[in-house]
Each structure stands twice: as structure tokens, then as C-alpha cells.
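This report concerns only the one structure given below.
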Amino acid sequence: MSYGYQISLRIQERIVTSDEIRHKLELRDILAREQMVRLLVEALVDVGFARADQNTLVRDDGQGLLSSVDLATLEVTTSTDHERVIDVEVSRSVRTENNNAAEAGRVLRAEVMADERLAANRDLIQRLEAGECARVEELNRVLERVYSKALKTRAAQLGDVVEMHEGTNADGQYELVIKIEL
Numbered sequence: 744m745s746y747g748y749q750i751s752l753r754i755q756e757r758i759v760t761s762d763e764i765r766h767k768l769e770l771r772d773i774l775a776r777e778q779m780v781r782l783l784v785e786a787l788v789d790v791g792f793a794r795a796d797q798n799t800l801v802r803d804d805g806q807g808l809l810s811s812v813d814l815a816t817l818e819v820t821t822s823t824d825h826e827r828v829i830d831v832e833v834s835r836s837v838r839t840e841n842n843n844a845a846e847a848g849r850v851l852r853a854e855v856m857a858d859e860r861l862a863a864n865r866d867l868i869q870r871l872e873a874g875e876c877a878r879v880e881e882l883n884r885v886l887e888r889v890y891s892k893a894l895k896t897r898a899a900q901l902g903d904v905v906e907m908h909e910g911t912n913a914d915g916q917y918e919l920v921i922k923i924e925l
């Protein structure tokens, strides 16, 4: 036998969600590893990162995104978390096979909470993805700067720098030409 219920719920609950995106940086060995990491730290500090500890640099964008760079693994993590309090009232007609209104109420509550968590996760993912292209471009510019300084230093170690030209080519890509005399 099927039973019909009109269930009304008011749900007040705090939902906490978090997500992150990770990128692995690769530093070529133009100079010794320690020197390359030092150049990376300098370039990251110039774009707003600060040391959190010996192996970590962090930057808070002020809009809920926290970027951190692990200098040991060269992994960049951009994370965000969000807390929101939901306060919803739902009313639904439900039919169940047993005479258990409480169970029908729990099922309805679970459905509502799943929908709210899904919406919160969707918002979080959109926030992370919104600036992803700009963050990747910024990391590429940072690495470009690191390689530029490393190549200039390495060229000076190999011989006398006779000529150096750096700029952007017709395709918009960075170019560095260094002529040395051995």
C-alpha cells in the first residue's frame, strides 16, 4: 500500500566546500638547481608572492583564491574554499510504500542538501576556472623571466658577452639572443 504525505521542511545548515588546481613547474638546468630556484623565488616575489616558510611561497588574491608554490616539488596549487549558510524551505508531496513520514522527510532533506552542495561546488569550480588562463600566462611569464636571467648568467660564465638582444618577435614570443666571445 502506498501512503501520501505533504512534507514541509526548513533547512538551515552551513556548507563548506573547497577545491584546487595544481600545476607542476619544470625548471631546466641552465644553472645549478639552487640558483634556478633562487631566480624562481625572486620572480615570484616580484609578482606578489611572499615566503610562508623555507620551502613555500604564497599569495592571496583578495577574492578567496590562495596560490602556493612548493619549492621542493615545484608544484603550484591554487585553492579556494567557501562557506555558506543555507536557509531553505521546501514543501513536497511524497508517496512511500511504508507508513513512515520521518523517513520520507530524511529523503527529502538529503535531496535538498545534495542540490545545495552541488550548487556550491559549481560556484567554486567557476571561481577557480575563471582566472585559470591568466594564472597560467602569469606563470609562463615568471618562467620566461627565470630562464632569461639564467641564460644571461650562464652566457657570462662561458665568456665575454659581446652582444645581447631581447624582445618580442612578430608572433609575440619572447626572444633572447646572446653572442659571446670565448
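Okay, so the sequence shown: first residue is 744 according to my numbering, each after it adds one.
Quick reminder that beta carbons are idealized off the backbone N, C-alpha and C, glycines included.
In this text, all values refer to a predicted model and were calculated from it rather than measured experimentally.
Selection Glu854, Arg835 and Arg897 evaluated against Ile750 yields Arg835 as nearest (Cα-Cα). The beta carbons of Arg878 and Glu826 sit about 23 Å from each other, so the pair does not count as a contact at 8 Å. Looking from the CA of Arg753, the closest CA among Glu832, Arg802 and Leu814 belongs to Glu832.
Remark: C-beta atoms of Ile764 and Thr821 approach each other more closely than 8 Å.
Taken through DSSP and simplified to helix, strand or coil, Asp824 comes out as strand.
In the three-state scheme derived from DSSP, where H, G and I count as helix and E and B as strand, Gly910 is classed as strand. Excluding sequence positions up to five before and after Leu814, its CB lies within less than 6 Å of the CB of Val780 and Asn798, all in the same chain and listed in chain order.
In chain order, Ala786 place their CB closer than 7 Å to the CB of Arg888, counting only its own chain and leaving out the 5 sequence neighbours on each side. The Cβ-Cβ distance between Gly902 and Ile868 does not fall below 8 Å.
Judged by DSSP secondary structure, Val801 falls within the beta strand (DSSP E) whose first and last residues are Thr799 to Asp803. In the three-state reduction of the DSSP assignment, Gln916 falls in the coil class. The DSSP-derived three-state label of Val850 is helix. Assignment of beta-bridge partners to Lys895 by DSSP yields no partner. Per DSSP, the unbroken alpha helix (DSSP H) holding Val788 starts and ends at Arg776 to Asp789. For Arg794, the secondary structure class from DSSP, reduced to helix, strand or coil, is strand.
In this structure, Leu919 keeps its C-beta atom at 8 Å or more from the C-beta atom of Glu906.
Scanning Leu768, Thr911 and Lys895 for the CA closest to the CA of Val904 turns up Lys895. Residue environment: Val759 is assigned as exposed (fewer than 16 neighbouring CB atoms within 10 Å of its CB, all protein chains considered).
When the five nearest sequence neighbours on each side are left out, the beta carbons in the same chain lying within less than 8 Å of the beta carbon of Leu768 are those of Leu783, Val812, Leu817, Glu818, Val819, Leu882 and Leu886, in order along the chain.
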